[in-house]
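Here the protein sequences line up with chains A and B, keeping their order.
Under the working numbering, think of the first position of the first sequence as 2, with each following residue one higher.
Under the working numbering, think of the first position of the second sequence as 2, with each following residue one higher.
Ideal Cβ placement from N, Cα and C applies to all residues, glycine included.
There are 2 protein chains.
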Amino acid sequence: MALYGERGFDNTTVAEIATRAGLTERTFFRHFADKREVLFWGASALQELLVSSVEGAAPSVAPLEAIGDALTAASALLQERSEYSRQRQRIIAASAELRERELIKLASLAAALAEALRDRGVPNSQARLTAEAGVAVFKVAFQRWVEEGDQQGLAQLIREWLKELRSMTAGG
Amino acid sequence: MALYGERGFDNTTVAEIATRAGLTERTFFRHFADKREVLFWGASALQELLVSSVEGAAPSVAPLEAIGDALTAASALLQERSEYSRQRQRIIAASAELRERELIKLASLAAALAEALRDRGVPNSQARLTAEAGVAVFKVAFQRWVEEGDQQGLAQLIREWLKELRSMTAGG
Numbered sequence: 002m003a004l005y006g007e008r009g010f011d012n013t014t015v016a017e018i019a020t021r022a023g024l025t026e027r028t029f030f031r032h033f034a035d036k037r038e039v040l041f042w043g044a045s046a047l048q049e050l051l052v053s054s055v056e057g058a059a060p061s062v063a064p065l066e067a068i069g070d071a072l073t074a075a076s077a078l079l080q081e082r083s084e085y086s087r088q089r090q091r092i093i094a095a096s097a098e099l100r101e102r103e104l105i106k107l108a109s110l111a112a113a114l115a116e117a118l119r120d121r122g123v124p125n126s127q128a129r130l131t132a133e134a135g136v137a138v139f140k141v142a143f144q145r146w147v148e149e150g151d152q153q154g155l156a157q158l159i160r161e162w163l164k165e166l167r168s169m170t171a172g173g
Numbered sequence: 002m003a004l005y006g007e008r009g010f011d012n013t014t015v016a017e018i019a020t021r022a023g024l025t026e027r028t029f030f031r032h033f034a035d036k037r038e039v040l041f042w043g044a045s046a047l048q049e050l051l052v053s054s055v056e057g058a059a060p061s062v063a064p065l066e067a068i069g070d071a072l073t074a075a076s077a078l079l080q081e082r083s084e085y086s087r088q089r090q091r092i093i094a095a096s097a098e099l100r101e102r103e104l105i106k107l108a109s110l111a112a113a114l115a116e117a118l119r120d121r122g123v124p125n126s127q128a129r130l131t132a133e134a135g136v137a138v139f140k141v142a143f144q145r146w147v148e149e150g151d152q153q154g155l156a157q158l159i160r161e162w163l164k165e166l167r168s169m170t171a172g173g
């Protein structure tokens with residue numbers, strides 16, 4: 002990923018990435034479908050963590066609360082790698098192609114969270130709306146965290162923006 | 002679009018679409034960047050309508066309410082063409098490529114609505130969260146409307162799911 006930071010995503014070839022990582026191009030493509038995927042290899046681990054956290058929530062926990070708890074718990078994963086997360090976000094922000102890939106990953110995350118809620122007995126449309134609202138909170142909190150540096154932890158920002166969602170909807 | 006319904010999106014060529022519409026391929030490409038765009042030509046009109054509705058809302062109207070009113074107002078546009086809207090949605094649902102294009106259009110819509118809220122003095126992150134929540138409500142209401150047939154109008158479903166968002170966030 003350092004190469005993307007140095008030269009820009011568009012100007013970096015798979016051959017260069019593989020060389021830097023000490024791999025052949027063939028080995029590279031065994032691990033990644035294309036050069037964009039290098040930046041998203043953590044997405045499925047994050048998604049699994051979030052889904053199992055929602056699945057493991059106590060039955061009494063309300064749907065949005067279960068999503069909020071899962072996001073807060075998973076944020077530790079990103080917090081530990083805050084420098085990487087921020088650099089990655091700058092690279093994604095600079096490329097339309099990567100922003101599109103990120104949208105797709107977040108939509109897949111929302112779909113997986115909605116499914117985990119359905120498994121808890123939440124009706125389909127409620128599950129989808131809750132999951133989408135949760136992902137929207139995550140996006141805003143994550144953006145703030147990337148921009149603000151380490152003034153506040155990501156978990157704290159997620160809590161704060163969940164509260165903002167509550168007051169925003171209560172106010173209308 | 003009838004061709005996509007008959008033969009599937011993947012099996013329809015630009016040449017066939019142009020012939021059916023009585024156009025040359027060259028004329029087709031003057032109007033559309035690619036064959037996917039045929040299904041999204043109404044998206045920018047819808048976006049403009051939503052944005053100008055948010056811009057025109059009275060200053061006392063809360064952000065989420067302004068978004069809700071805009072979505073309700075714009076839904077008339079879709080309601081008038083309900084058969085087209087439903088057929089279009091079936092075609093999009095059947096193609097990963099089109100689902101991705103739709104995600105991008107909805108993200109662009111959310112960004113435009115957030116900007117309209119910022120112009121009303123709503124701080125950046127609040128504007129983004131409100132716009133994303135509004136688009137999430139729209140997606141769920143639209144999906145219900147497509148699935149349910151004309152049991153309820155789209156505007157009514159949007160109102161209903163805005164209410165659901167409020168009770169969902171209040172409950173947690």
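Cβ-Cβ distance between residue i and residue j below 7 Å
{"i": "A77(A)", "j": "L51(A)", "result": "no"}
{"i": "A108(B)", "j": "L118(B)", "result": "no"}
{"i": "E7(A)", "j": "V15(A)", "result": "no"}
{"i": "G69(B)", "j": "L163(B)", "result": "yes"}
{"i": "A142(A)", "j": "L158(A)", "result": "yes"}
{"i": "T73(A)", "j": "A156(A)", "result": "yes"}
{"i": "T170(A)", "j": "L166(B)", "result": "yes"}
{"i": "I93(B)", "j": "E103(B)", "result": "yes"}
{"i": "A71(A)", "j": "S54(A)", "result": "yes"}
{"i": "S168(A)", "j": "R145(B)", "result": "no"}
{"i": "P64(A)", "j": "V147(A)", "result": "no"}
{"i": "A67(A)", "j": "A134(B)", "result": "no"}
Own chain partners of residue i with C-beta closer than 6 Å, once the 5 adjacent residues on each side are dropped
{"i": "S86(B)", "result": "L79"}
{"i": "Q48(A)", "result": "L110 and A113"}
{"i": "F139(B)", "result": "L72"}
{"i": "L24(A)", "result": "none"}
{"i": "D35(A)", "result": "none"}
Residues near residue i in its chain [Cβ-Cβ closer than 7 Å; skip 5 each side]
{"i": "V115(B)", "result": "Note on identity: in this sequence residue 115(B) is Ala, with Val being the wrong assignment. Contacts found: A128, R129 and A132."}
{"i": "G154(A)", "result": "Q80"}
{"i": "G173(B)", "result": "Since pLDDT at G173(B) reaches only 45, below the 50 mark, its modelled position is unreliable, and the value read off the structure follows with that caveat. Excluding residues within five positions, none has a Cβ falling inside 7 Å."}
{"i": "L4(B)", "result": "T13, E17, I18 and R21"}
{"i": "E149(B)", "result": "none"}
N- and C-terminal bounds of the alpha helix (DSSP H) containing residue i
{"i": "F10(B)", "result": "Counting along the chain, F10(B) falls outside any alpha helix (DSSP H), and DSSP gives it neither H nor E."}
{"i": "S45(A)", "result": "A44 to E56"}
{"i": "K140(B)", "result": "N125 to E149"}
{"i": "L110(A)", "result": "A97 to D120"}
{"i": "A71(B)", "result": "P64 to Q80"}
{"i": "T28(A)", "result": "E26 to H32"}
{"i": "A94(A)", "result": "S83 to A94"}
Same chain, Cβ closer than 8 Å to residue i, neighbours up to 5 away in sequence not counted
{"i": "R160(A)", "result": "G69 and T73"}
{"i": "R84(A)", "result": "In the sequence on display, residue 84(A) carries Glu and not Arg. Closer than 8 Å at the Cβ level, and outside the excluded window around E84(A), lies no residue."}
{"i": "D151(B)", "result": "S83"}
{"i": "L99(A)", "result": "F10, R37, L40, I92 and I93"}
{"i": "P60(A)", "result": "R121"}
{"i": "F30(B)", "result": "V15"}
{"i": "F33(B)", "result": "V39 and W42"}
{"i": "V62(A)", "result": "D70"}
Got a sec: which bits of the region 145-170 of chain A sit with their beta carbon under 7 Å from any beta carbon on chain B, in order along the chain? Residues are counted here when their Cβ sits less than 7 Å from a Cβ of chain B; for the region 145-170 of chain A these are R145, W162, E165, L166, R167, M169 and T170, given in chain order.
Give me the subset of the region 107-130 of chain B whose CB atoms are less than 7 Å from a CB atom of chain A, sorted by chain position. A108, S126, Q127, R129 and L130
Contact list for the region 61-81 of chain B against chain A, Cβ threshold 8 Å: From the region 61-81 of chain B, only A63, P64, L65, E66 and G69 have a Cβ closer than 8 Å to chain A.
Using 8 Å as the threshold, is the region 33-51 of chain B in touch with the region 94-112 of chain B, meaning 3 or more CB pairs across them? yes
Chain A contacts made by the region 82-105 of chain B, where a contact means CB separation under 7 Å: Using a CB distance below 7 Å, the part of the region 82-105 of chain B facing chain A consists of E101, L104 and I105, ordered along the chain.
Check each residue of the region 46-59 of chain A: if its Cβ is closer than 9 Å to any Cβ of chain B, include it; give the result in chain order. Flagged: no residues at all.
Going along the region 14-39 of chain A in order, which residues come within less than 9 Å of chain B, judged by CB to CB distance? none
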